[in-house]
Ligand SMILES: C[S@@+](CC[C@H](N)C(=O)[O-])C[C@H]1O[C@@H](n2cnc3c(N)ncnc32)[C@H](O)[C@@H]1O
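Numbering (my numbering), first residue to last: 429 to 718.
Below, the structure written as structure tokens:
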């Protein structure tokens, strides 16, 4: 029988990042020296801290629609600043991210992903091939590169890739292969060419955009993506799939079980832990070992 276990994935404490508090649909976080107040729909409980603490945030994001909004009171925050992740477990895993408040409510890093960076570094061997799809500013790519992997980083948006290149250089790394393309198109080509990877990491958004601004809805392509990923991964390889799109971990497991019936899977919620210990679920995660 195959093993399956549902858990909460929580990153170790970071020096440069902290979830200070959450509640009333918002989260209060420190990114290095700056404290930001951002919307967080799953924080359905009351705030734990006194409101005066929240009022001291250096900037806050004001939503004006589902995918729209603006930052306010940003006078104290520079246009760009730096955040470092220093692994408590692997000396070579030291990543640097340039942060900025340009794109919607995101600042250039998903701190809860640190647990995946640790997992990747634990699992990957020097020279292994890792494919990072929907790769954003590259946390998983940088982690794999720091462990000596051969990394292919795919994102549909050129500016996001340029941003990741900055992060790579800041982190003292080089040699990541950049692909500005729709992940689905790239996967289809890789399957045709017979190219294989020891590891595939993917974080498909609910709504994606291709390089020509074409709209892309996850529901329509999820099954195909899963089949294509299973086709490019080596028989002894591993897959990390994360999603912020509301698909529960159990659904992820059932979906993958159809194409990889014998693989070992661990799925659960990817969480942030607040300074007072409370947990905030940010999305679903599945790790698959073939
Ligand atoms: C939720 S972010 C991924 C975050 C990532 N897991 C991390 O830890 O940094 C989704 C990314 O997918 C990219 N994207 C959207 N549609 C895409 C598509 N069709 N093909 C490739 N990348 C796409 C976006 O540009 C964005 O960078």
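All residues carry an ideal CB built from backbone N, CA and C; glycine is no exception. None of the values given here were measured: they were computed from a predicted structure.
Exercise for the section: Express the C-alpha separation of residue 488 and residue 480 in angstroms, rounding to a whole number. Expected result: The residue labelled residue 480 in the question sits at position 52 within the chain shown. The residue labelled residue 488 in the question sits at position 60 within the chain shown. One C-alpha to the other measures close to 14 Å.
Handout entry: Contact the stretch 599-609 vs the stretch 664-672: 3+ CB pairs below 8 Å
Key = Look at the beta carbons and you see the stretch 599-609 not touching the stretch 664-672: under three pairs across the two are nearer than 8 Å.
Handout entry: Nearest-angstrom Cα separation, counted from residue 506 out to residue 485
Key = On the chain shown, position 57 is the one that residue 485 refers to. On the chain shown, position 78 is the one that residue 506 refers to. Near 14 Å, if we compare the C-alpha coordinates of residue 506 and residue 485.
Handout entry: Between the CA atoms of residue 538 and residue 525 - distance to the nearest angstrom
Key = Numbered from its first residue, the chain shown carries residue 525 at position 97. Numbered from its first residue, the chain shown carries residue 538 at position 110. Spanning the alpha carbons of residue 525 and residue 538 requires a straight line of approximately 11 Å.
Practice task
Note down the Cα distance separating residue 715 from residue 695, rounded to an integer number of angstroms.
Solution key: The residue given as residue 715 occupies position 287 in the chain shown. The residue given as residue 695 occupies position 267 in the chain shown. Between residue 715 and residue 695, the C-alpha separation is close to 6 Å.
Exercise for the section: Pick out the complete beta strand (DSSP E) segments inside the stretch 542-590, 3 residues or longer, and give them in chain order. Expected result: You should have 557-561, 578-583.
Practice task
Report buried or exposed for residue 575, applying the criterion of at least 16 other Cβ atoms within 10 angstroms of its Cβ.
Solution key: Your numbering for residue 575 matches position 147 in the chain shown. Buried: at least 16 other Cβ atoms inside 10 Å.
Exercise for the section: With DSSP as the reference, label residue 457 as helix, strand or coil. Expected result: Reading the chain shown from its first residue, position 29 is the one you call residue 457. Strand.
Practice task
Pair every Cβ in the stretch 469-476 with every Cβ in the stretch 438-447, then say whether three or more of these pairs are closer than 8 Å.
Solution key: At 8 Å Cβ cutoff, the stretches do not touch.
Handout entry: Any 3 or more C-beta pairs closer than 8 Å across the stretch 541-559 and the stretch 498-516
Key = Output reads yes: the stretch 498-516 touches the stretch 541-559.
Exercise for the section: Entirely within the stretch 626-692 and at least 4 residues each: give me those alpha helix (DSSP H) ranges in chain order. Expected result: The qualifying runs are 646-660, 677-687.
Handout entry: Whole-angstrom distance between residue 699 and residue 457, CA atom to CA atom
Key = Taking the chain shown and counting its residues from 1, the one referred to as residue 457 is at position 29. Taking the chain shown and counting its residues from 1, the one referred to as residue 699 is at position 271. Straight-line Cα distance between these residues: approximately 14 Å.
Exercise for the section: For residue 596, name the three-state secondary structure that DSSP assigns. Expected result: Within the chain shown, residue 596 is the residue found at index 168, counting from 1. Here residue 596 carries a helix assignment [DSSP, helix/strand/coil].
Exercise for the section: Can you check DSSP and say which residues form a bridge with residue 713? Expected result: By 1-based counting over the chain shown, the position of residue 713 is 285. Beta bridge pairing from DSSP links residue 713 with 670, 696.
Handout entry: Sub-8 Å separation of residue 583 and residue 627 beta-carbons
Key = On the chain shown, position 155 is the one that residue 583 refers to. On the chain shown, position 199 is the one that residue 627 refers to. No, the Cβ-Cβ distance between residue 583 and residue 627 is not below 8 Å.
Practice task
List the DSSP bridge partners of residue 512.
Solution key: Translated into the one-based positions of the chain shown, residue 512 becomes position 84. Residue 512 is bridged by DSSP to 524.
Handout entry: Residue environment, residue 500, which counts as buried when at least 16 other CB atoms sit within 10 Å
Key = Within the chain shown, numbered from 1, the residue matching residue 500 stands at position 72. Exposed.
Practice task
Would you check if the stretch 552-570 and the stretch 445-464 touch, i.e. whether three or more CB-CB distances between them fall below 8 Å?
Solution key: Contact between the stretch 445-464 and the stretch 552-570 is absent, because fewer than three Cβ pairs lie under 8 Å.
Practice task
Could you give the DSSP three-state label for residue 703: helix, strand or coil?
Solution key: Locating residue 703 in the chain shown gives position 275, counting from the first residue. In the structure shown, residue 703 falls within a coil segment according to DSSP collapsed to helix, strand and coil.
Practice task
Give a yes or no on contact between the stretch 633-652 and the stretch 609-618, applying the rule of three or more CB pairs nearer than 8 Å.
Solution key: Flag = yes, the stretch 633-652 and the stretch 609-618 touch.
Practice task
Compute the beta-carbon to beta-carbon distance between residue 630 and residue 571, rounded to the nearest angstrom, for a pair I have assumed lies under 8 Å.
Solution key: On the chain shown, residue 630 is found 202 positions in, with the first residue counted as 1. On the chain shown, residue 571 is found 143 positions in, with the first residue counted as 1. Approximately 15 Å separates the beta-carbon atoms of residue 630 and residue 571; this is outside 8 Å, ruling out the contact.
Handout entry: Heavy atom of ligand 1 within 7 Å of residue 636 beta-carbon
Key = Here residue 636 refers to the residue found at position 208 when the chain shown is read from its first residue. In this structure, residue 636 has its beta carbon less than 7 Å from a heavy atom of ligand 1.
Problem - One or two residues paired with residue 438 in a DSSP bridge - result: Indexing the chain shown from 1 puts residue 438 at position 10. Checking the DSSP bridge columns, you'll see residue 438 partnered with 699.
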